[in-house]
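Working notes, structure below.
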Amino acid sequence: MDERTCRKCGVTKPFTREFFSPRRWTCNACMRATANKWDQDNPEKKAISRSVYKQRVTNAGGGHTSDELLLLRLMQDRKCYYCEANFGDAAVEKDHRTPLSKGGTNDAFNIVYACRTCNRDKGGKLASDFFGWRRSEGLHCRPPLTCFFCESDLADAGNVSLRMPVQRGGAYLPENLVWACPSCYTEKNDQTAAEYLSWRRQNGLKTRQSIRVLVKRSKPK
Ligand SMILES: [Zn+2]
Ligand SMILES: [Zn+2]
Ligand SMILES: [Zn+2]
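In structure tokens, the structure reads:
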């Protein structure tokens, strides 16, 4: 197994995600300790940044429901939206694809779950810029996401859409979920994916080429 010696504590540990972030020479434990020490040394700064942040969240507008977050969690399957690292039992952090500081909102299409490292590294960047930065650093990125319906790029905005809506027997199961751009998501509303796709084709809108819609209906009660 690959090993790496932490430049901070000098301890040699397995070079796995459990102990190191890729391309980092400081072990995760030391990274955490540094972050905690900063918090302790700067209690006021921390308190201010928290209240400033809270204020920003309040001012940003938009909103998401707990159902939307549940769908997002199902879709992400406990993997970071950016680096796909498995969260395991670690805390997950909600990240705004377009940061609040850049006019992002709290709408579901702007929210993803990210690991702590990505959340920190991303800082005030747009999701698309953060992906660009990660690629330039040779860091692993999730495969590019496109809208299931119109194939537009979803790096900076995307909703989790149910192919078969709940009202029509669709279940909250991963195989019933697709990523959609906010406008397709809204337009589809309570149509099935197949209905919405054929509506798009009839209206001459850009539509993905071929699909197989495989949907499990929830069992009748
Ligand atoms: Zn260390
Ligand atoms: Zn990550
Ligand atoms: Zn779309």
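Okay, so the sequence shown: first residue is 1 according to the numbering used here, each after it adds one.
Glycine included, each C-beta is placed from N, C-alpha and C at the ideal position.
Query                                                                                                                                               : Result
By Cβ distance below 6 Å, which residues in the same chain neighbour K206 in space, the five residues on each side in sequence not counted?         : C150
Nearest-angstrom Cα distance between I111 and T5?                                                                                                   : 36 Å
With a cut-off of 7 Å, give the chain-ordered residues whose Cβ is closer than this to any heavy atom of ligand 3.                                  : C147, F149, C150, S152, A180, C181, S183, C184
Is the beta carbon of Y113 within less than 6 Å of some heavy atom of ligand 2?                                                                     : no
Which same chain residues, not among the five before or five after A60, have their C-beta less than 6 Å away from its C-beta?                       : L100, T105, N106
Which same chain residues, not among the five before or five after R17, have their C-beta less than 7 Å away from its C-beta?                       : A85
Could you say if the segment 132 to 140 and the segment 168 to 188 meet the contact criterion of at least three C-beta pairs nearer than 8 Å?       : no
Which residue marks the beginning of the alpha helix (DSSP H) containing N119, and which one marks its end?                                         : 116 to 122
Anyone know if the C-beta pair for D156 and T98 falls short of 7 Å?                                                                                 : yes
Relative to the C-alpha of L173, which candidate in M75, H64, V57, A29 has its C-alpha closest?                                                     : M75
Using the three-state DSSP reduction, which class does P174 fall into: helix, strand or coil?                                                       : helix
Is the Cβ-Cβ distance between C27 and F15 less than 7 Å?                                                                                            : no
When every heavy atom of ligand 2 is checked, does at least one fall within less than 6 Å of the C-beta of Y82?                                     : yes
DSSP state of D153, grouped into three classes?                                                                                                     : strand
In whole angstroms, give me the CA-to-CA distance for N36 and L71.                                                                                  : 32 Å
Who are the near neighbours of V11 in its chain, counting only those whose CB is closer than 8 Å to its CB and skipping five residues on each side? : T5, C27
May I have the straight-line CA-CA distance separating L69 from A171, to the nearest angstrom?                                                      : 15 Å
Using a threshold of 6 Å, is the CB atom of C118 nearer than that to any non-hydrogen atom of ligand 2?                                             : yes
Between the alpha carbons of R32 and S161, how many angstroms are there, rounded?                                                                   : 36 Å
To which residues of the same chain is E93 closer than 8 Å at the C-beta, ignoring the five residues directly before and after it?                  : Y113, A114, C115, R116, N119
Taking the straight line between their C-alpha atoms, what separation do you get for V57 and T65?                                                   : 15 Å
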